[in-house]
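Encoded as structure tokens, the structure appears first; notes follow it.
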Amino acid sequence: MESRYYPGVEADVIKLMTELRSIFDEDFEVQTMQVSSTSVLQARKSSTLRDLTGLSAALTIKVTPETGGTRVEIGLQKWFDKAAVAAVALALSAGLLLALPALGAYWQYKLTEYAWKVIEAHIARKAGGYVPPMPGRCGTCGAAASAGSTFCAACGANLRAGLSCAACGAVQKDPNARFCNACGKALTTG
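Under the numbering used here, the first residue of the sequence shown is numbered 4, with each subsequent residue one higher.
Okay, here's the thing in structure tokens:
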């Protein structure tokens, strides 16, 4: 599971879970549960073939308020039967669930990215504005950035602080700036 910690931000877990649930309500079977202080949402596409072959897996989102911040984890895991939730409560709170092999990698990736955007928008609202991007992500659009990239492949934003503007030579301090803070020229190449 991918895990992110947001220091200094106490998320409104109920509101965040409601926002996340709205992503999945139409085409997915959704369940939510509370295990200790962790709120868990699972969403899966259900079909008879998947259920009969045991290949039914769910995108699982766990939100845990922690001292000084909020931790969010997203990954593909086994669908929990409501009756079995009590039996796995201890393992879930300890984070010891085993992830199933990646099934439907494309839809999982897209849903995961969309869920992270919803979560980070919620966190930014609770933090009163800007939340710095996670390492390896573009601060402008949130897309994954390859190591060593100068510009974002998705939106063209400058990914490296300390580079000079081609027009005036000013050193850029904001790695997410798209325009030079000295001359106003675009930092991206067309």
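The beta-carbon is built from N, C-alpha and C at its ideal position, and this holds for glycine as well.
Neighbour flag for residue 67 against chain B, beta carbons, 8 Å: In the structure shown, chain B does not exist; there is a single protein chain.
Reference residue 130, options 12, 5, 8 and 7, closest by Cα: 12
Run through the region 14–46 for me and flag every whole alpha helix (DSSP H) of 4 or more residues, listed as ranges in chain order. Counting only runs of 4 or more, we get 16–27.
Measure the alpha-carbon distance for residue 80 versus residue 60 and round it to whole angstroms. 6 Å
Of the choices 29, 155 and 74, whose alpha-carbon is the least far from that of residue 123? 74
Where does residue 115 sit, in a helix, a strand or coil, going by DSSP? In the displayed model, residue 115 falls within a helix according to three-state DSSP.
So, helix, strand or coil for residue 128, using DSSP? helix
Going by beta carbon distance, what residues of the same chain come within less than 6 Å of residue 115, once the five residues before and after it are set aside? 77
Identify which residue in 23, 119 and 71 has its Cα closest to the Cα of residue 4. 119
Proximity of residue 40 and residue 10 at Cβ, strictly below 8 Å: no
What residue range does the beta strand (DSSP E) around residue 74 cover? 72–81
Go ahead and pull the three-state DSSP assignment for residue 12. coil
Three-state secondary structure (DSSP) at residue 188? coil
Cβ shell of residue 117 (< 8 Å), same chain only, five flanking positions each side left out: 26
Would a C-beta distance cut-off of 8 Å place residue 170 and residue 158 closer than the cut-off? no
Please say whether residue 17 and residue 44 have beta carbons closer to each other than 8 Å? No, these two residues do not count as a Cβ contact at 8 Å.
Per DSSP, what kind of secondary structure is residue 176 in: helix, strand or coil? Looking at residue 176 - three-state DSSP - the assignment turns out to be coil, as it is neither helix nor strand.
Closest residue to residue 36 among 66, 29, 22 and 189 (Cα-Cα distance): Nearest of 66, 29, 22 and 189 to residue 36, Cα basis: 66.
Would you please state the rounded distance, in angstroms, between the beta carbons of residue 161 and residue 146? I believe it to be under 8 Å. That belief does not hold up - the Cβ atoms of residue 161 and residue 146 are roughly 14 Å apart, past 8 Å.
Once the 5 residues before and after residue 152 are set aside, which same chain residues still bring their CB inside 7 Å of it? Excluding positions up to five away in sequence, the list reads 162.
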